[in-house]
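Student: By full-length UniProt numbering, the letter at position 511 of the sequence shown is numbered 511, and the numbering carries on one by one without gaps. Note that the Cβ used here is the ideal one computed from N, Cα and C, for glycine as well.
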Amino acid sequence: MQYGGSGNANALKRAEELIAVGQSLAALQALHEVVMSKRSRNTPLVSMEPIMLKYVELCVDLRKGKMVKEGLHQYKNIAQNTSVNTIELVINRFLELAEAKVTEAQAKADKITLDAIDDLEASETPESIMLSTVSGEQSKDRTDRSVVTPWLKFLWEAYRTVLDTLRNNVRLEVLYQSVSNQAFQFCLTYGRKTEFRRLCDILRNHLQNIAKYAHQAHSINLNDPDTLQRHLDARFNQLNAAVELELWQEAFKSVEDIHTLLSMSKRPPKPVMMANYYDKLTKIFMVSENYLFHAASWNRYSNIVRAINKNLTDDEQIAMANTVLLSALAIPVITTSRTRPGYVEADEQRIQKLNRLSSLLGLPQHPSRSALLKEALNKNILRRVRPEIRDLYNILEVQFHPLSICKKINPIMSQLAEDPELAKYVRPLHQVILTRLLQQLSQVYTTIKLDFVLELASFPEPYKYDASTIEKFIMNGCKKGELSIRIDHATQSMTFETDLFAPPKDTIAEGPKLQSSPADLMRTQLSRLGKCLHTTVQMIDPSVQQAAVRAKEEAFARALAGAEEEHKNTLARKQIIEQRKEHIETELARAEREAAQERALIAQQKAAAEQKRREEEQKRREADRLRKIQEEIQRDQAQKIADEIAAKTGMQLKPEEIENADVETLLNLKVSRLQSEQKELNERLKNIAKRLDHTERAYRKEEIPLLEKDYETQQKNDLAYYEAARKAQLKSAAAKHQEDIKIKSRVGRIFDDYNAFKKNIESQRQEVYRAKQQAIEEKIAQEKQKRIEQYRAQREEMIRQREEEEARQKAEEERKHRELEGTCNYRLADLEPAIILTFDFAEQEAREAEKAAEAEKRKAEEEERQKKLDEMARLQREKEAAIEAKLKEKSSPRAAPTDRWVPPNRRDPARDPAREPARDFAREPARDFARDPARDPAREQEAPSNDRFGRGEGGWRRAGPPSDDRFARRGGPSDRPSDRPSDKPSDSPPSSASGPPRFVARPGASTGGGWREREAAKRAAAGQSQPEGEKKDQDGFVPVRRGGR
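(1) Counting beta carbon pairs with one atom in the segment 463-470 and one in the segment 424-434, are three or more of them shorter than 8 angstroms?
(2) Less than 8 angstroms separating the beta-carbons of residue 385 and residue 322?
(3) Going by CA-CA distance only, name the one from 590, 71, 44 that's closest to residue 33.
(4) What residue range is occupied by the uninterrupted alpha helix (DSSP H) comprising residue 260?
(5) Would you kindly check if the distance between the Cβ of residue 405 and the Cβ of residue 436 is under 8 angstroms?
(6) Give the DSSP-derived three-state secondary structure of residue 449 in the structure shown.
(7) Can you tell me whether DSSP reads residue 498 as helix, strand or coil?
(8) Within 8 angstroms of any Cβ in chain B, is that where the Cβ of residue 307 sits?
(9) Nearest by alpha-carbon distance to residue 446: which of 664, 402, 494 is it?
(10) Per the DSSP calculation, residue 488 is bridged to which residue(s)?
(11) Just list the alpha helix (DSSP H) runs in the segment 183-237, keeping only unbroken ones of 4 residues or longer that don't cross its boundaries, in chain order.
(12) Between the Cα of residue 407 and the Cα atoms of 458, 371, 383, which residue gives the shortest distance?
(13) For residue 541, which of helix, strand or coil comes out of DSSP?
(14) Return the CA-CA distance between residue 949 and residue 709, expressed in angstroms with no decimal places.
(15) Is residue 327 closer than 8 angstroms to residue 295 when the C-beta atoms are compared?
(16) Tell me whether the segment 220-231 and the segment 158-172 touch, counting them as touching only if at least three CB pairs, one residue from each stretch, are closer than 8 angstroms.
(17) Taking Cβ positions, are residue 470 and residue 454 nearer each other than 8 angstroms?
(18) By a C-beta neighbour count over all protein chains shown, 10 Å radius and 16 as the cutoff for buried, is residue 64 buried or exposed?
(19) With distance defined between alpha-carbon atoms, name the residue in 27, 246, 358, 50 nearest to residue 299.
(20) Residue 256: which of 270, 802, 281, 269 sits nearest, CA to CA?
(21) In three-state DSSP terms, what is residue 391?
(22) For residue 215, count neighbouring C-beta atoms within 10 Å of its own C-beta (all shown protein chains included) and say buried if the count is 16 or more, exposed if not.
(23) Cutting at 6 angstroms between CB atoms, please list the residues of its own chain near residue 91, excluding the five before and the five after it.
(24) Measure the C-alpha to C-alpha separation of residue 675 and residue 634 and round it to an integer number of angstroms.
(25) Between residue 180 and residue 203, how many whole angstroms is the CB-CB distance? I'm expecting something under 8 angstroms.
(26) Pick from 31, 25, 24, 22: whose alpha carbon is nearest that of residue 12?
(27) Less than 8 angstroms between the beta carbons of residue 200 and residue 250, yes or no?
(28) Taking residue 29 as part of the alpha helix (DSSP H), name the residues at either end of that continuous run.
(29) What number of angstroms, rounded off, separates the C-alpha of residue 316 from the C-alpha of residue 348?
(30) Assuming residue 398 is part of the alpha helix (DSSP H), what are its boundary residues?
(31) In three-state DSSP terms, what is residue 550?
(32) Would residue 333 and residue 402 be called neighbours here (beta carbons separated by less than 8 angstroms)?
(33) Can you say whether residue 556 is buried or exposed, counting buried as having 16 or more other CB atoms within 10 angstroms of its CB?
(34) In this structure, how does DSSP classify residue 359 when only helix, strand and coil are distinguished?
(35) Counting C-beta neighbours from all protein chains within 10 Å, is the total for residue 748 16 or more, i.e. buried, or is it exposed?
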């Protein structure tokens, strides 16, 4: 048998025996020591595997997550170079047991919930309603938290432990990915969103650490296609789980991880995986309301689906075409992400975001609304979509009808809202419709009433826009540069303004145009003038056209003359290209052959090195096996010698001494043990001889009957005192009861008068209260009306000031505009472009300075308001703290002193923790009371001064009643007053029950501490003197009598 086999079998057997007697924790500790010992590294896996299985089973039963983590790490280090299957077996067993415990806990919680329901027809009780209101959870939730949650937490820790154990090891990569998929399923099954986020972070950190640990043995190589494919599969499972749990941020992070892995892959990804990838991206962008990239994702998804599935049904093609076209139409014309030119940082951030999202979709350039619509039309999607969606496209992108666009589209929107797959595009489509309405109105009207616009933009509920919403939409379009509209609230009108010198807009989609705008006409004036002049010259001078015709004919002649030469040059160039291709192919083939030969040589060298390493490893293992066999033989011989020594001398040796010693060492150890035992025996005998004290033994022998007699007398006195006190208490209670009955009969005669007087007083106070309340309500109504009038006056004043300010600003802007326009018209031909731009920059700087001043003012006001709120909150907290302190002071219990005796079995140890029960000295073994503790410090604790003679009080009996068991043995009562002098009736106040235990001297006890002194004190108290000349007995002792009794 190999080394360690018998030891492991014994450890496993010992653990099973401990489990059989209910000592599971001790069994787990024993197995933990076996697994974590250094000897386990050289133990065969055949004998270690059952130990690990039993070990993980005990860890799961006892919920020892830390111990199982240490054991799995140790077992991985032992078995990863020999057999990966055993690690997989142990880990799968561990996870199966943990999942089974969770299932069992759920069944137990359901059973508890059902058992708690006694009557299925009973309604909710007031107690259950109040509890659910206060705690915010049902009884089942509380049961699950107490029963199921600990096992769910343990199962989550199990997944984390296993993933941490298997990470960054190429041999355990398959098992690692399998466990990660199980962890995803765990989060889905139990809806654990927080744990799913942590799991994604753990896997992401493991992926990032691959490059960090690349130099270690058995590290993961992402250049391997199979390894990379496994990581991609895991990330796709993570993406699916994130979408199902609706964790969209984690889903987007998973998409980024997938894109990073795809960029590292040398082989193209599977089309099915990419279809799933784009499908999830459509959902993510839809939730984030990024309709542009949502439409781009649908476009990519439809391309891949049509490429991999040629047999799509007509319904599937129509549904996909509807979604692709609607997603493109729903892209807002006025986006919330664009900014006006001049904001460089915002533009850079927007461009970076667009680049990032475009790279996720694999697009060479940023998508746009017009490009997506154009691509959809190129694929003949209009032929496959539903008729109402085709009409919607024509209304929005082809036709020009501003006065009837909403009326034509509302029936189409109603049909789309009924389809659950297309209803999500209705709201963004209404924004596009409103944008198209305003764009088309700007081409027809210069000024238009707001009411007319509201009438044109009438949508059915719940998509109806009110005036404020349309105004905000217009302001946003003006801010983004898509619209140029001015709203006049005084006249309730809108003015469509046009800047003749504005640069051409780089808008997303202009839509259908009725005519060119004045800005377009101004911008193309020179080109149109050139075309007119060119046409006029051709009409006036026909020779120009004739010269053009001759030039064209000459060009054709030159082309025909050089065609042959060009053909020859083309053929020669083609031949040269073919030769170069052949040369390149030859060089590539040669390089490939050389590379193959080099790879074969490297593989041969690696095989030789591996063979050499295996041979050396085999030799080393054989040498280790022989060495272990020899050590086992020596250990068996040493064990036999130790057993012989134990059988002959009774001396037990420790296992460490047997393991590290040979025969000679054991014999020397035996001799040294015998010598040390003999020396200890001599010292013990010497100490015993020193401690022999016959005088003290005689004292204690004579004292025992006296103590018993004194204790019996004390019991009789206590019983008599208890009976007297009880009779006195009953007598006083009866007298008090008779007195109370007399008082009640005397007072009962005036009870009716008292009730009448009380009702009269209450009615008078009620009338006074009603009068005061009515006066207060009238005053409140007057103050409320006064404040309403003040508020209305202030509001009218603010509106008037704001209108005056707006009128003044409008007049000022018109004056500046007229001055600027006059100046520009006067010197337009002479001024340089830089001077013209100066006006725009100056006006822009003025507006920016004004906006900055307003923002600073708002910021200061907000800070001042926040300071006031903080001060009010601080004062409120101080008031609440003061109230809580008063309530706590009122509700704190106060211990009231009492003289009533409490039996020992009913006393509260928390109120008197230092009190100790009295001891029955008559039944205790005899001790050396007269021994000096300073002479024998080792026996100082056996001195009876603390219990029998008192701590610093000189009394021989401790203050406190004897225990109930002593009364039971002696036949006395178990419920009697305390035998302390302070409990008996006296003029002195009763002592407090709190504080450290005190020892009170009994009557007749002196400070001497001995029974002779007590006898002398008793005689002196009784007026007797000690007899002189008493005779001694044969041993030299004087007979003693206590108080003449």
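Tutor: Reading it off the structure:
(1) Yes, the segment 424-434 touches the segment 463-470.
(2) For the purposes of this step, residue 385 is taken as residue 385 along the sequence shown, with counting starting at 1. For the purposes of this step, residue 322 is taken as residue 322 along the sequence shown, with counting starting at 1. Cβ atoms of residue 385 and residue 322: closer than 8 angstroms.
(3) For the purposes of this step, residue 33 is taken as residue 33 along the sequence shown, with counting starting at 1. If we check each option's Cα against that of residue 33, 71 comes out closest.
(4) Walking along the sequence shown from the start, residue 260 turns up at place 260. 248-264 is the extent of the alpha helix (DSSP H) around residue 260.
(5) The residue you call residue 436 lines up with position 436 of the sequence shown. The residue you call residue 405 lines up with position 405 of the sequence shown. Yes, they are a contact pair.
(6) Numbered from 1 along the sequence shown, position 449 holds the residue referred to as residue 449. For residue 449, the secondary structure class from DSSP, reduced to helix, strand or coil, is strand.
(7) Position 498 of the sequence shown, counted from the start, is the residue given in the question as residue 498. Coil, per DSSP.
(8) The structure shown has no chain B; it contains just one protein chain.
(9) As a working mapping, residue 446 is identified with position 446 in the sequence shown. Its Cα nearest to that of residue 446, the residue 494 stands out among 664, 402, 494.
(10) Here residue 488 refers to the residue found at position 488 when the sequence shown is read from its first residue. Looking at the DSSP assignment, residue 488 forms a beta bridge with 493.
(11) Every alpha helix (DSSP H) stretch that sits fully inside the segment 183-237 and reaches 4 residues is listed by chain position as 193-208.
(12) For the purposes of this step, residue 407 is taken as residue 407 along the sequence shown, with counting starting at 1. Proximity to residue 407 across 458, 371, 383 peaks at 458, based on C-alpha coordinates.
(13) Locating residue 541 in the sequence shown gives position 541, counting from the first residue. Assigned with DSSP and collapsed to three states, residue 541 falls in coil, not helix or strand.
(14) One-based indexing of the sequence shown puts residue 949 at position 949. One-based indexing of the sequence shown puts residue 709 at position 709. Confidence at residue 949 is low in this model, with a pLDDT of 37, below 50, so its placement is unreliable and the value that follows should be read with caution. Those two C-alpha atoms are separated by around 18 angstroms.
(15) To locate residue 295, count along the sequence shown from 1; it is residue 295. To locate residue 327, count along the sequence shown from 1; it is residue 327. In this structure, residue 295 sits near residue 327, with a CB-CB distance shorter than 8 angstroms.
(16) Yes, they touch.
(17) Here residue 470 corresponds to residue number 470 of the sequence shown, with the count starting at 1. Here residue 454 corresponds to residue number 454 of the sequence shown, with the count starting at 1. Residue 454 is positioned such that its CB atom lies closer than 8 angstroms to that of residue 470.
(18) As a working note, residue 64 is residue 64 in the sequence shown. The residue is buried, with at least 16 neighbouring Cβ atoms inside 10 Å.
(19) By 1-based counting over the sequence shown, the position of residue 299 is 299. Closest by alpha carbon: 358.
(20) Within the sequence shown, numbered from 1, the residue matching residue 256 stands at position 256. Measuring from the Cα of residue 256, the nearest candidate turns out to be 281.
(21) The count along the sequence shown starts at 1 and reaches residue 391 at position 391. For residue 391, the secondary structure class from DSSP, reduced to helix, strand or coil, is helix.
(22) Numbered from its first residue, the sequence shown carries residue 215 at position 215. Exposed, since its Cβ has fewer than 16 Cβ neighbours within 10 Å.
(23) In the sequence shown, residue 91 corresponds to position 91, counting from 1. Cβ contact annotation for residue 91 (same chain, cutoff 6 angstroms, sequence separation greater than five): 162, in chain order.
(24) For the purposes of this step, residue 675 is identified with residue 675 of the sequence shown, where counting begins at 1. For the purposes of this step, residue 634 is identified with residue 634 of the sequence shown, where counting begins at 1. Distance between the alpha carbons of residue 675 and residue 634 is about 27 angstroms.
(25) Sequence index remark: in the sequence shown, residue 180 carries index 180 (1-based). Sequence index remark: in the sequence shown, residue 203 carries index 203 (1-based). 6 angstroms between Cβ atoms; contact.
(26) One-based indexing of the sequence shown puts residue 12 at position 12. It is 31.
(27) Sequence index remark: in the sequence shown, residue 200 carries index 200 (1-based). Sequence index remark: in the sequence shown, residue 250 carries index 250 (1-based). Against a cut-off of 8 angstroms, the Cβ pair of residue 250 and residue 200 comes out as a contact.
(28) As a position in the sequence shown, residue 29 is number 29, starting the count at 1. Start and end: 24-36.
(29) Within the sequence shown, numbered from 1, the residue matching residue 316 stands at position 316. Within the sequence shown, numbered from 1, the residue matching residue 348 stands at position 348. For residue 316 and residue 348, the distance between alpha carbons rounds to 41 angstroms.
(30) Here the question's residue 398 lines up with position 398 in the sequence shown. For residue 398, no alpha helix (DSSP H) run applies, since DSSP gives it neither H nor E.
(31) In the sequence shown, residue 550 corresponds to position 550, counting from 1. Residue 550 falls in the helix class under three-state DSSP.
(32) As a first step, residue 333 is located in the sequence shown; it is residue number 333 there, counting from the start. As a first step, residue 402 is located in the sequence shown; it is residue number 402 there, counting from the start. Contact: no.
(33) Locating residue 556 in the sequence shown gives position 556, where the first residue counts as 1. Residue 556 should be labelled exposed.
(34) Translated into positions along the sequence shown, residue 359 becomes position 359. Helix at residue 359.
(35) Taking the sequence shown and counting its residues from 1, the one referred to as residue 748 is at position 748. With fewer than 16 Cβ atoms within 10 Å of its Cβ, residue 748 is classed as exposed.
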